[in-house]
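Student:
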Amino acid sequence: MSITKLLFCWPRSALRRNTLFFPLNAPLLGPMELRQLRYFVAIVDHGSLSRAALILHVAQPALTQQLRQLEEELGVQLLHRSAQGVLSTDAGKVFYEHAQAILKQVADARSAVTQSATRPSGNVTLGLPHSISGALALPLLLAARERYPEITLQLTEEITGNLNEQLKSGRINLAVLFDDGQLTPFACCPLVEEEMRFICRSDSPFAPTGSALSFPQALSATLILPGLQHGVRPRIDSRARELGLETANVIEINSIAILKSAILAGMGATILPAAPLLAELDSGAMRSYAIHSPVLSRTVALCASKNIPLTNAGNAVKNLVLQVAAELCGSGRWVGAHVLSPMA
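Just so we're aligned, residue 206 is where the sequence shown starts under my numbering, counting upward by one.
#1: Which one of VAL540, VAL529, ARG406, ILE513 has the shortest CA to CA distance from ALA312?
#2: Counting only the same chain and skipping the five closest in sequence on each side, list residues whose C-beta sits under 6 Å from that of PRO481.
#3: Quick one: grab the DSSP three-state call for GLN359.
#4: Going by other Cβ atoms of all chains shown within 10 Å of its Cβ, with 16 needed for buried, is VAL529 buried or exposed?
#5: Taking buried to mean at least 16 other C-beta atoms within 10 Å of its own C-beta, is VAL381 buried or exposed?
#6: Under three-state DSSP, which class holds VAL526?
#7: Between which two residues does the beta strand (DSSP E) containing SER419 stretch?
#8: Using the C-alpha atoms, what's the distance from ILE248 back to ARG256?
#9: Using CA atoms only, rank isn't needed, just tell me which of SER498, ILE429, GLU451, THR504 is closest to ILE551.
#10: In the DSSP assignment, find the unbroken alpha helix (DSSP H) run with VAL437 in it and report its ends.
#11: How is the beta strand (DSSP E) around ARG256 delimited, first residue to last?
#12: Tell me which same chain residues have a C-beta within less than 7 Å of the C-beta of GLU400, skipping the five on either side of it?
#13: How is GLU451 classed by DSSP in three states: helix, strand or coil?
#14: Quick check on ILE458: does DSSP put it in helix, strand or coil?
#15: Are the stretch 345 to 354 and the stretch 299 to 312 in contact at 8 Å, needing three or more beta carbon pairs?
#16: Closer than 7 Å by C-beta to LYS465: which residues in its own chain qualify, once you throw out the five before and the five after it? Chain order, please.
#17: Going by alpha carbons, who is nearest to LEU525 out of LEU331, ASN459, LEU448?
#18: Just checking my contact of LEU272 with PHE300 at CB under 8 Å: how many whole Å lie between their CB atoms?
#19: What is the rounded straight-line gap between the Cα of GLY537 and the Cα of LEU418?
#20: Going by DSSP, which residues form a beta bridge with GLY327?
#21: Rounded to the nearest angstrom, what separates ASN520 and LEU345 at their Cα positions?
#22: What is the DSSP secondary structure of ARG406, reduced to helix, strand or coil?
#23: Is the beta carbon of SER416 closer than 8 Å to that of ALA531?
#24: Do you know whose CA, among ALA392, PHE420, PRO421, THR427, lies nearest SER409's CA?
#25: For ALA509, report the span of its alpha helix (DSSP H) as first-last.
#26: Using three-state DSSP, classify ALA342 as helix, strand or coil.
#27: Helix, strand or coil for ILE429? Go by DSSP, reduced to three states.
#28: So GLN186 and THR389 are supposed to be a Cβ contact under 8 Å. How far apart are they, rounded?
#29: Would you say the beta carbon of ALA380 is closer than 7 Å to some non-hydrogen atom of the ligand FMN?
#30: Return the residue from the list LEU360, SER493, LEU347 that minimises the CA-CA distance to PHE403.
#31: In chain order, what residues of the same chain lie with their CB nearer than 8 Å to the CB of VAL291, ignoring the 5 residues before and after it?
#32: Tell me which same chain residues have a C-beta within less than 8 Å of the C-beta of VAL522, skipping the five on either side of it?
#33: Do you know offhand how far LEU360's Cα is from THR414's?
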């Protein structure tokens, strides 16, 4: 199958974000070749026309001409050029996201009509939140290599907010997300229910005397928590509001690695699932405590776009994620998680 051109008839509002405006006198968009999109993405990825030309095996003057033609068709400047290389303009950043999504969807379309249902092949991109990847990523990669050697599984680790946007735009095929009541744009399968625990350094002054503490007691500690873009924080804040409480004494850290270091330095405690801190818990450097009154948990779901169909390879990976999650929960290797998927 040969797909050489796409006709773009986007409204100008589709290429605007925040305060980015396209000029009113810009010409209507005409036929845009896929190679122009590939060239533009390569230039941005490599930060240089000369490096992109080398990678693409295209003469640099030809690459420059295609870029100029693309900018003329769009009526905007996409790149700032300098002796040090190229940088995307605001318009270029928006167009780069669209170009990536379009190229991926074209590749998926080719895969969908050429691959065998019995031997799925092709690329599948799965997005994982930071707090889930430690439990799921490696077992999933090992299972995919064994069961589907012709599928290239690409894992991307992001904060939940970014995964939502990437799944909507088609830049990723699947994502593990937290069911916060905002997943209606996606087709979702429940995956696991994950217990959230109070975790601190073993000798922390915030450690309770018993094996558990109440949620209000947990909130009274200095808490080291991810920001609101992460799936954990909104869950904690919403439960606090339900009880008329506040998460007042909070240190926000959006990196799991830095969050671990801050806990080990004695700066405070956290409320998280056990999985991302399992190595520290197993070594005895940290301890975890059950939370009650109320119990805190979060529902984890496997999501796909409602508008972009999965390829055979995408469906194979979807089913594999459900199977691996069930196996990890059944064996106790996904600590604190209880399977919800229909594969259990």
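Glycine included, each C-beta is placed from N, C-alpha and C at the ideal position.
Tutor: From the atom records:
#1: It is ILE513 whose Cα lies nearest to the Cα of ALA312.
#2: SER336, GLY339, ILE461
#3: Strand.
#4: buried
#5: buried
#6: VAL526: helix per DSSP, three-state reduction.
#7: Looking at the DSSP string, the run of the beta strand (DSSP E) that includes SER419 is 417 to 419.
#8: Their Cα atoms are separated by approximately 8 Å.
#9: Nothing about residue 551 can be read from this structure; the chain reaches only from 206 to 549.
#10: 437 to 447
#11: Run containing ARG256: none in the beta strand (DSSP E); it sits in the alpha helix (DSSP H), 254 to 261.
#12: Around GLU400: PRO478, SER502, GLY541.
#13: Correct three-state label for GLU451: coil.
#14: coil
#15: no
#16: LEU482, GLU485
#17: Measuring C-alpha to C-alpha distances from LEU525 to each of LEU331, ASN459, LEU448 identifies LEU331 as the nearest.
#18: Contact doesn't hold; Cβ gap of about 11 Å is too wide.
#19: In a straight line, the C-alpha of GLY537 is about 23 Å away from that of LEU418.
#20: ILE356
#21: 14 Å
#22: strand
#23: no
#24: Selected option, being the one with the closest Cα: THR427.
#25: Where ALA509 is concerned, there is no enclosing alpha helix (DSSP H), although the beta strand (DSSP E) it sits in stretches over 502 to 510.
#26: helix
#27: strand
#28: What is shown of the chain runs 206 to 549, which leaves residue 186 out entirely.
#29: With respect to the ligand FMN, the structure offers nothing, as it holds no ligand at all.
#30: SER493
#31: ILE248, VAL249, GLY252, SER253, LEU254, LEU284, HIS285
#32: VAL329, LEU331, ALA349, TYR353, ILE356, LEU358, ASN378, LEU379.
#33: 41 Å
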